[in-house]
């Protein structure tokens, strides 16, 4: 564990917010897969800072330099690695944080864990910046999954208590969900999206921040992906999504609502669709979010991720001064998003893509012949 | 993954509901630890079936036979293994489930995953029975953790929408929480407990089932346990707790409530308690559930686990007949709990104990001299 | 690590020589594989003690009881587990070893490692007895590999300096090697085998022991199995074979002879066999033992395992008395093989079978449809 | 597996010989360790090409750029990463190798494994160049081990059949072994070293190559490091050392000589050194190479690594032409070492350092306070 993940597909993330560079290594990718690097960059731009009023003013091109694992635009199968240089660092903004830890951050816990040796500038390795190479890795996996017929969509389900249109779990609106990634604000209902933007702006004006909920929907995952117990899709997805900074809640399907239903209402009954063929089974409902016993059942897989409000706020906060041993007030400088939920959406999608590709590769159902090469 | 778990401490679970036996292997335990097997059995009885009106009538002594790893009542440090024989199996109750899968179960997904070769009797390896050896392993870890000053408590927070008394996250009622394990119904507020029992009984009379929420509180975990990213306490705990059958939701600290607060309200500010010593830091609030950046901050660690209503209900349900290719109605025979939440509480505690011991062992902070031996 | 192994296929071994039982858990086996348990037992008998003049007098039926993972004679795909009860234990023979460690054993190192808490009886978890469940696991994997066209053969290459007939690495005698497992003494040249038996008997009469070398040959492994670096067949096989007690040397192909050749002599040149088809490539020589860059090249894979002379000898030996702090003389009681090489042969074959099946499963080349079921 | 390794300490290697860069990520290093980067570079120069008559003419400064994990010259504890740019690549030298594989290389097996998608230039990821970042990682671990009192030395034991002076396994010449790393040719006996150099030069003049044997000696490893079975020092070291390109043989202690001794001769008897204190136990002999039952016994740990002759030789060799389906003659262009043994010595030392640090970290015996900081 720590900053590597994976059963078969293997991801290593490295870097600190204000160090020389951050990056990712992705090992055991299927070989010969065509990768469109423009599409990778387009995906990464959805996470990149400095692009919208509600994100940090830090400008980072955040374009990855691929060092290995891609040859003539196809995966070699040997480790794919990419590095992103840190450019627009204002380390002096953080000079007080070694002594006065920011509430809600890892400044204090990271220092205790690493005996005071961790890089404190900008949160160091705990910074949300490490999600940039994570998005690189996820973008590559997404392209490979797409050829297997698996698609990952998502939307901002809630910000500051304002909810996007609710989706029908058994019949999510696939066409609409596909449009979300291309929108300026990633919701289904743009009017609600505008309300969210206004709430973010209000928080920003108040030198404060807001949180929210992301909902992901996976399409085309065949039945039979996942394993019992610790190899189930829920524990695998949770082991990754909970590693994303600011995630504090994760639910599947109808989430806590399920706990208030009776079993007869909550159970998802399979039904033949007339053809008398297991390939044409569909559940009447989808409260379980497409997963039974840790294994995909062929329905859309649906989950919700809770993102806490950004910890870095400009309002003065109570903290402690480790040099004096006195309680003190802290004013956090630096540039911070009043709401990271929209930028966290592609990060969650990327994480899900990595988990699903790993699960598919260990299922024996991955089709290695679908490479996207001309010669196919 | 699959049915093994762990970074340093390593757990393998095996067995099928109606096979010859189920069991656990726990490797890399610290050596020389005194284990009170009566206490282990007492812990396991909290999960055992057939003891209360609201649990299945299946009677299983469920007493583990320890085959290795314990010598003169102390851990050897080499693999600890225990086997539980299956006794009171009524396999004929399940004879129709190979062809007509139970909604909400792994009958269909397990069959697809294992190409029809899995043991379908009683859910096979997907059965909740596999949590018996899990509780054995957790009970051993709990005793070892206790000597390190780490304690795991919990209560049924909600069943069928009826809520137990809410706890103050920053100051959970430790004395009261300690009494919960010994109660006939594991809640803080016994009157609410009686309402829950009534709701379970009503569901049972209606041949139906109800779900609920479990809340765990960990005490004494020192600051600095956990790692960044995938090694964080949240992803590690989630990778285990989501492996427990029927878990569909997991939140930390104040859960989804945090997503509706502003950052300035949600951040937990550290404060010196007058002594000017980092050993005496306390957060004013505990919305983060004792974890910042994946690492414990010294506050009680608090999380909530959502348990869906038991899938097996006696009410007739829609399903499919794989032999005829026709939709059909299924009546589930066999003996099933109308509510598994009270029995799931020790299972969640056991899982948490295993995760915390693994995290402590990989932190470099485990004190190997605290063994409980007389000679200490 | 410790007593579990595997990338995809996962093995846990447990037990102590004089404890209640020993066993194995094998997770992630391909489902639906027909397993002939009589054949498993026949394989295990090749390792079982008490059968030949040159093995220990300890009688153990060593028959495994399968607890899970096999349903109607086919693997379920969920964990396969088996337990072997310890029966004929003479623990009192070992009563002096806690204080006077046997030279060449883990008595002293195990005690230091486990802070004196390990089970010292008969070597505890360090005993060669733990190879009985290892053989169970390997016997199962061997049957599955056979259906994929992969076969593991071997012979005793040397005992006490007496060598069996040398094999041609490029054209090992497959028919003869297949007969070895059925022989009373597992060599190619029975006359040499008789010399080895005599040497073992001479050592036994002298209250001493002898060591030797095992050679394994794997047939039918397709080209392309294995990964670069740590995933290579050599490191994977070595990580397993070096875990077998008494193994102190391991070489591939022509071993140290290769280091005395020039590159032009040592390189194995691929050649078409006339058909102009990559399926009909054959190397002219096989000094590399069928592996280039960690990956199988389609030639027979060949390796040699050095087994040191049995550490337990009845001759008095120098040791120390930990209770007095004085040097002393030790007479090892108990029943011990004067030569374990013949019994180590099936153990090495079993280990190789587990490694090859894991490597095949992670290669994407395993054919899940070859199950041995009637319906195939 | 594949290109990552480790139980607790975790190494990822990436890169291809003629790609943009190669590198390493090392996660879970102990925090706060002072790292002397000049010393790291000095260590890496021992492996660097282009420095001696017997190494390839390829000039690579091979200096690593550290991107993360080092802050103010101390490890942060979060992932340490370094990148080395490839500079002096002559890819056209390799243009024929996609179609005519080099005997003894992974050209053909790598192509089969990766379905023709691997980067064939200079061997791609299978190139010995990937050992440069491996040496970076090892150099860092060596400095950390030194503070724990653990030292790794080694010498070229044999090249082209010419042997360096034999060492006494029970009393290796520590002072002399320490001088080896600083010598122009890394042997104990310089006269023998000159004979080896002459043999290498003779091979070079003959457009051919020679192999040899490396011997490593580890000092100061306390008794009790390592675990039973797969966690033993032998399997752990083997799982790493066999990943180094060209390694085809590995033995411990007295290697195959042990297999020709009787047990009474081969066993290493522990003896008190007069003080009556377990800290003053010493074995009379060291045939086992300092390891009993996989666990260090306090004696120097000694092993031998066989390095085959360089596969790339300029002499014409038999091979096949995959484009024509005809057998052909291959002339390997490019710049290749007539003998890689001297350069492989620091690579083996680096690998051993990583394994020993991982084993020490998982043993609970690592002293985190020994950081090399001024404040110590």
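Chains as they are written, first to last, in this note's numbering: chain U, 1 to 376; chain D, 1001 to 1376; chain E, 2001 to 2376; chain A, 3001 to 3376. Don't be surprised by glycine CBs; every beta carbon is placed ideally from N, CA and C. Because the structure is a prediction, the values reported are computed rather than measured.
Local conformation of residue i per DSSP, three classes
{"i": "residue 16/U", "result": "coil"}
{"i": "residue 308/U", "result": "coil"}
{"i": "residue 7/U", "result": "coil"}
{"i": "residue 2248/E", "result": "strand"}
{"i": "residue 3113/A", "result": "helix"}
{"i": "residue 3218/A", "result": "strand"}
{"i": "residue 2074/E", "result": "strand"}
{"i": "residue 1326/D", "result": "strand"}
{"i": "residue 3270/A", "result": "strand"}
{"i": "residue 3162/A", "result": "strand"}
{"i": "residue 108/U", "result": "helix"}
{"i": "residue 23/U", "result": "strand"}
{"i": "residue 82/U", "result": "strand"}
{"i": "residue 153/U", "result": "strand"}
{"i": "residue 2359/E", "result": "helix"}
Exposure of residue i, with buried meaning 16 or more beta-carbon neighbours within 10 Å
{"i": "residue 3218/A", "result": "buried"}
{"i": "residue 238/U", "result": "buried"}
{"i": "residue 2284/E", "result": "exposed"}
{"i": "residue 2200/E", "result": "buried"}
{"i": "residue 2264/E", "result": "buried"}
{"i": "residue 1277/D", "result": "Low confidence applies to residue 1277/D: its pLDDT is 48, below 50, so where it sits in the model is not reliable enough to give any reading."}
{"i": "residue 75/U", "result": "buried"}
{"i": "residue 3002/A", "result": "buried"}
{"i": "residue 1182/D", "result": "exposed"}
{"i": "residue 1359/D", "result": "buried"}
{"i": "residue 171/U", "result": "exposed"}
CB-CB length for residue i against residue j, believed under 8 Å
{"i": "residue 3112/A", "j": "residue 3040/A", "result": "Contact doesn't hold; Cβ gap of about 37 Å is too wide."}
{"i": "residue 106/U", "j": "residue 1227/D", "result": "That belief does not hold up - the Cβ atoms of residue 106/U and residue 1227/D are roughly 11 Å apart, past 8 Å."}
{"i": "residue 1216/D", "j": "residue 1152/D", "result": "7 Å"}
{"i": "residue 1030/D", "j": "residue 1272/D", "result": "Actually they are not in contact, since the Cβ atoms of residue 1030/D and residue 1272/D sit about 34 Å apart, beyond 8 Å."}
{"i": "residue 1022/D", "j": "residue 1086/D", "result": "7 Å"}
{"i": "residue 3357/A", "j": "residue 3144/A", "result": "6 Å"}
{"i": "residue 2243/E", "j": "residue 3196/A", "result": "Not confirmed; about 35 Å, so no contact."}
Cβ-Cβ distance between residue i and residue j below 8 Å
{"i": "residue 3135/A", "j": "residue 3047/A", "result": "yes"}
{"i": "residue 3241/A", "j": "residue 3008/A", "result": "no"}
{"i": "residue 2368/E", "j": "residue 294/U", "result": "no"}
{"i": "residue 1260/D", "j": "residue 325/U", "result": "no"}
{"i": "residue 2211/E", "j": "residue 2341/E", "result": "yes"}
{"i": "residue 3348/A", "j": "residue 3305/A", "result": "yes"}
Legend entry - Residues within the region 3190-3213 of chain A neighbouring chain E, beta-carbon criterion of under 7 Å: 3203, 3208, 3209, 3210, 3211, 3212 and 3213
Legend entry - Residues within the region 1153-1169 of chain D neighbouring chain U, beta-carbon criterion of under 8 Å: Sequence-ordered contacts of the region 1153-1169 of chain D with chain U read 1158, 1160 and 1161 [C-beta pairs closer than 8 Å].
Inset, instruction - Taking a Cβ distance cut-off of 8 Å, strictly less, list which residues of the region 2317-2336 of chain E are near chain D, in chain order. - result: Hits within the stretch: zero.
Legend entry - Where the region 3113-3134 of chain A meets chain U: residues whose CB sits under 9 Å from a CB there: 3113, 3114, 3115, 3116, 3117, 3118, 3119, 3120, 3121, 3124, 3125 and 3126
Inset, instruction - Using a Cβ-Cβ cut-off of less than 7 Å, give me the residues of the region 2234-2267 of chain E that come near chain D, in sequence order. - result: none
Inset, instruction - Can you give me, in chain order, the residues of the region 3352-3366 of chain A that have a beta carbon less than 9 Å from any beta carbon in chain D? - result: 3361, 3362, 3364 and 3366
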